[in-house]
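Q: Structure below; questions to follow.
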Amino acid sequence: MARTLFDKIWDAHEVDDGLIYIDLHLVHEVTSPQAFEGLRLEGREVRRPDRTLATADHNVPTDGTPVARMIADELSRTQVETLERNAEEFGVPIYSLGSDRQGIVHVIGPELGVTQPGMTIVCGDSHTSTHGAFGALAFGIGTSEVEHVLATQCLVQRRPKTMRILYSGELGRGVTPKDLILATIGRLGTGGMTGHAVEYAGAPIEGLTMEGRMTICNMTIEGGGRAGMIAPDETTFEWVEGRDAAPADFDAAVERWRELPTEEGASFDTEVSIDASQVSPMVTWGTTPGQVVEVTGAVPDPANDTDERALKYMDLDPGTPMREIQLDRVFLGSCTNSRIGDLREAAGVVEGRRVADHVKGMVVPGSAQVKAQAEEEGLDEVFRAAGFDWRGAGCSMCLGMNPDTLSPGERCASTSNRNFEGRQGKGGRTHLVSPRMAAAAAIEGRFVDIREWA
Amino acid sequence: MQRIDVIEGDVSVLDRADVDTDQIIPKQFLKRVERTGFGEFLFYDWIRDGEIELEPNPILVAGRNFGCGSSREHAPWALEDFGFEAIIAPSFGDIFYGNCTKIGLLPVILPEEHCRGIAEAGRARIDVDDQSVDYAGGVVRFEIDEGVKHRLLHGLDDIGMTLQNAAAIDAYEESGRADNAPSTTARL
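Residue numbers (the numbering used here), protein chains in the order written: chain A, 29 to 482; chain B, 4 to 191.
Here it is, written out as structure tokens:
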């Protein structure tokens with residue numbers, strides 16, 4: 029029987045009925061301390077330290093603090109130091125503050141080349157779906173499961189349903205992968221992919237860079253999906269080739285990877301078709317990623333209680349054109365959009381322009397390597413000259429566990445993934461957009477249709 | 004994990020859809036390195052801002068897509084520490100649902116009309132083995148994975164169970180099936 033990409037990876041990793049072998053376990057400081065403590069209490073060890081990789085990202089200040097012990101916030105410092113101690117005690121490799129390989133866990137995996145096609149990848153973080161862009165089965169887990177994987181290198185899992193989202197047409201000028209996934213979630217709803225491993229397919233997906241594919245897979249969880257995946261192809265192989273952890277026998281690996289894509293005639297539990305040519309630059313107006321409209325649109329009339337509460341929280345009136353919404357802050361960063369390609373696109377928009385007087389803009393590279401690369405290309409100078417704050421690598425204002433937060437009432441255009449109430453700081457108001465849209469919004473101080481600038 | 008067979012008692016109601024784990028336990032409380040004591044921070048902003056009131060009853064009835072968003076297990080920890088033993092909703096975020104089952108907080112998926120009925124009744128009795136919820140409006144059955152049910156009924160530790168199967172994991176590794184994945188320690 030014809031099999032899907034998901035079926036092939038699942039079947040290849042089934043140790044026993046409902047028990048899946050994990051090829052790579054990424055670990056960060058927030059969801060792991062209780063798991064390591066659990067191992068300690070039971071006298072257990074990490075089964076495969078050589079398949080485990082830790083980094084500090086959520087609590088990390090982005091002001092250039094060089095080592096964990098110098099983090100000013102006591103609780104954040106304790107959490108990062110705890111990760112460092114646990115990594116040392118259990119023999120897990122770690123890239124913490126000051127390492128030239130530190131960064132957001134979902135940026136450094138692909139960057140080091142440890143994210144490869146056909147793998148099973150987990151992390152105590154819902155945006156682990158990002159790695160599915162390489163044709164891997166990657167998903168977020170909770171702390172109990174982190175402990176389970178540390179101890180056994182396996183996970184007890186119920187086979188999810190499969191969904192294919194098939195895109196047709198061509199993405200319009202100025203329309204980015206971020207807009208495509210926001211429009212998809214807007215159409216399917218925040219629970220539209222629940223219970224499914226989702227494969228994104230079709231010519232518009234095949235035409236994307238790896239960075240664009242990562243943006244799409246990253247936000248799968250915002251549609252409720254368990255995992256997002258894209259079939260590996262030449263673009264994927266080119267990304268992996270030459271990276272630190274690339275297979276020694278690369279040609280043999282590529283041969284294996286070519287067997288992975290979904291076969292003709294394979295069936296999915298759910299199929300969805302979307303015409304990519306109909307997608308415009310998108311902006312969220314509410315407090316879930318599904319509350320989203322075209323930038324040329326207006327704040328909609330509330331359809332239910334959820335919408336009404338969102339409008340109140342966001343302090344928006346129905347009928348207000350999105351392009352009239354004034355901004356206080358702009359955040360370029362997060363595991364969704366902080367890679368070198370994202371920064372190049374944003375820099376292209378701001379070059380020779382100035383951030384509006386009333387706007388405070390910040391750019392946070394996803395990793396120390398992205399930062400170094402951007403600086404080599406002079407992107408930092410472009411951003412600084414435009415009035416942006418150029419920061420160090422970390423999760424930063426995506427989730428406000430570090431000093432980068434919104435103040436109550438502040439309105440922010442953000443390239444991150446969640447516009448939940450208080451996500452970027454209590455009382456903060458988040459609008460999700462693409463890097464280009466965020467860059468243009470910083471210059472104008474309000475949302476603009478980037479297609480008019482292109 | 005404690006054994007669960009029957010959960011019976013009064014019902015608290017949170018009539019909101021798409022309640023994300025950022026609301027259940029806001030980010031500032033994720034900095035703790037302990038597993039206990041999260042109950043007092045449950046719905047921290049909503050409760051302190053007077054938006055909602057919640058009694059620590061055994062059962063919480065919630066709206067569609069409850070627990071969406073982040074994978075933080077701190078959310079189930081907080082709900083359990085607050086006093087809830089079961090959560091009934093029309094649907095849950097996948098990761099949240101799984102996390103609940105790992106710590107013995109029972110997630111029950113029921114059609115919306117029954118969720119409303121149970122909320123109105125104010126009291127219910129959940130029988131895990133029978134997979135049923137008994138309330139003033141009648142008895143309604145719910146689906147739960149057999150393996151999960153077995154673990155909940157017997158209060159079994161997942162890791163302990165998997166380690167009993169260590170021979171299968173050894174065999175998988177020895178077969179070479181795990182060998183194609185990259186090492187995180189070599190050459191990096």
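Using N, Cα and C, we set each Cβ at its ideal position, and we do this for glycine too.
Using the three-state DSSP reduction, which class does Ala326/A fall into: helix, strand or coil?
A: Strand.
Q: Can you find a CB in chain A that lies within less than 8 Å of the CB of Val36/B?
A: At least one chain A Cβ lies under 8 Å of Val36/B.
Q: Would you say Ile172/B reaches chain A, if we count a Cβ-Cβ gap shorter than 8 Å as a contact?
A: Closer than 8 Å: yes.
Q: Using only CA atoms, which one of Thr180/A, Gly214/A, Trp418/A lies nearest to Pro309/A?
A: Looking at the Cα atoms, Gly214/A is the closest of the given residues.
Q: I believe Ser74/B touches Ser154/A by the beta-carbon criterion, under 8 Å. Please report the beta-carbon distance rounded to the nearest angstrom.
A: Confirmed, Cβ separation roughly 4 Å.
Q: Looking at chain A, is there any beta carbon in it that lies within less than 8 Å of the beta carbon of Ala92/B?
A: It does not: the Cβ of Ala92/B has no partner Cβ on chain A nearer than 8 Å.
Q: Shorter than 8 Å from the beta carbon of Lys152/B to some beta carbon of chain A?
A: No, Lys152/B does not count as interfacial toward chain A.
Q: Contact between the segment 250-258 of chain A and the segment 275-288 of chain A: three or more CB pairs below 8 Å?
A: No: fewer than three Cβ pairs fall under 8 Å.
Q: Across which residues does DSSP place Pro188/A in a beta bridge pair?
A: For Pro188/A, which the question treats as bridged, DSSP gives no partner whatsoever.
Q: Rounded to whole angstroms, how far is the Cβ of Ala92/B from the Cβ of Ile121/B, which I believe are closer than 8 Å?
A: About 10 Å; that fails the 8 Å criterion.
Q: Between which two residues does the beta strand (DSSP E) containing Pro110/B stretch?
A: Start and end: 109-112.
Q: Alpha carbon to alpha carbon, how far is Ala304/A from Val378/A?
A: Cα to Cα, Ala304/A sits roughly 26 Å from Val378/A.
Q: At which residues does the beta strand (DSSP E) containing Gly389/A begin and terminate?
A: 388-391 is the span of the beta strand (DSSP E), which, as asked, contains Gly389/A.
Q: Considering only residues of the same chain and omitting the five flanking positions on each side of Cys245/A, which have a CB-CB separation below 6 Å?
A: Same-chain partners within the cutoff: Ser157, Thr158, Gly160, Ala161, Gly256.
Q: Do three or more CB pairs link the segment 461-469 of chain A to the segment 100-109 of chain B at distances below 8 Å?
A: No, the segment 461-469 of chain A does not touch the segment 100-109 of chain B.
Q: May I ask which residues mark the beginning and end of the alpha helix (DSSP H) holding Leu33/A?
A: Counting along the chain, the alpha helix (DSSP H) containing Leu33/A begins and ends at 33-41.
Q: At the 8 Å Cβ level, is Cys426/A part of the contact set with chain B, yes or no?
A: By this cut-off, Cys426/A is not an interface position.
Q: Which of the three DSSP states, helix, strand or coil, is assigned to Asp182/B?
A: Looking at Asp182/B - three-state DSSP - the assignment turns out to be coil, as it is neither helix nor strand.
Q: Along chain A, which residues have their Cβ under 8 Å away from the Cβ of Tyr175/B?
A: Val43, Tyr49, listed in chain order.
Q: Could you pull out every unbroken alpha helix (DSSP H) segment of at least 4 residues lying fully inside the segment 78-120 of chain A, listed in chain order?
A: Entirely contained in the segment 78-120 of chain A, the alpha helix (DSSP H) runs reaching 4 residues are, in chain order, 102-118.
Q: Can the beta-carbon of Ile193/A be found closer than 8 Å to that of Met247/A?
A: No, these two residues do not count as a Cβ contact at 8 Å.
Q: If you compare alpha carbons, which of Gly125/B, Arg19/B, Phe32/B, Arg67/B is closest to Gly453/A?
A: Of the candidates Gly125/B, Arg19/B, Phe32/B, Arg67/B, the one whose C-alpha sits nearest the C-alpha of Gly453/A is Phe32/B.
Q: Reducing DSSP to helix, strand and coil, say where Val136/B ends up.
A: Strand at Val136/B.
Q: Taking 8 Å as the threshold (beta carbon to beta carbon), is Glu116/A in contact with chain B?
A: Not one chain B Cβ lies under 8 Å of Glu116/A.
Q: Per DSSP, Gly168/A forms a beta bridge with which residues?
A: DSSP, once it has assigned bridges, lists Cys151/A as partnering Gly168/A.
Q: Beta carbon of Thr316/A, beta carbon of Asp48/B: below 8 Å?
A: No, Cβ-Cβ distance for Thr316/A and Asp48/B is not below 8 Å.
Q: Hey, how far is the Cα of Glu176/B from the Cα of His224/A?
A: Each residue's alpha carbon lies about 28 Å from the other.
Q: Determine, using beta carbons only, whether Thr187/B and Thr80/A come nearer to each other than 8 Å.
A: It is a contact, given that the beta carbons lie within the stated cut-off.
Q: Helix, strand or coil for Gly131/A per DSSP?
A: If DSSP states are grouped into helix, strand and coil, Gly131/A belongs with the strands.
Q: Taking C-alpha atoms, which residue in Leu165/A, Val327/A, Gln306/A, Thr443/A lies nearest to Gly314/A?
A: Checked all of Leu165/A, Val327/A, Gln306/A, Thr443/A; the closest Cα to Gly314/A is Val327/A.
Q: Rounded to whole angstroms, how far is the Cβ of Glu175/A from the Cβ of Ala30/A, which I believe are closer than 8 Å?
A: With a Cβ gap of about 37 Å, Glu175/A and Ala30/A do not count as contacting.
Q: Residues in the same chain with beta-carbon distance under 6 Å from Asp137/B, minus the five sequence neighbours each way, listed in chain order, please.
A: Arg128.
Q: On the criterion of 16 or more Cβ atoms from any shown chain inside 10 Å, does Met342/A qualify as buried, or is it exposed?
A: Classification of Met342/A: buried, given that the 10 Å Cβ count is 16 or more.
Q: Should Met98/A go down as buried or exposed, given a rule of 16 or more other Cβ atoms within 10 Å for buried?
A: It is exposed - the Cβ of Met98/A has fewer than 16 other Cβ atoms within 10 Å.
Q: Apart from the five residues on each side of it in sequence, which residues of its chain come closer than 8 Å, Cβ to Cβ, to Thr298/A?
A: Counting only Cβ-Cβ distances below 8 Å, and skipping sequence neighbours, we find Lys189, Thr190, Met191, Arg192, His224.
Q: Tell me, please, whether the CB atom of Leu33/B is closer than 8 Å to any CB atom in chain A?
A: Yes, Leu33/B lies at the interface with chain A (some Cβ there is under 8 Å from its Cβ).
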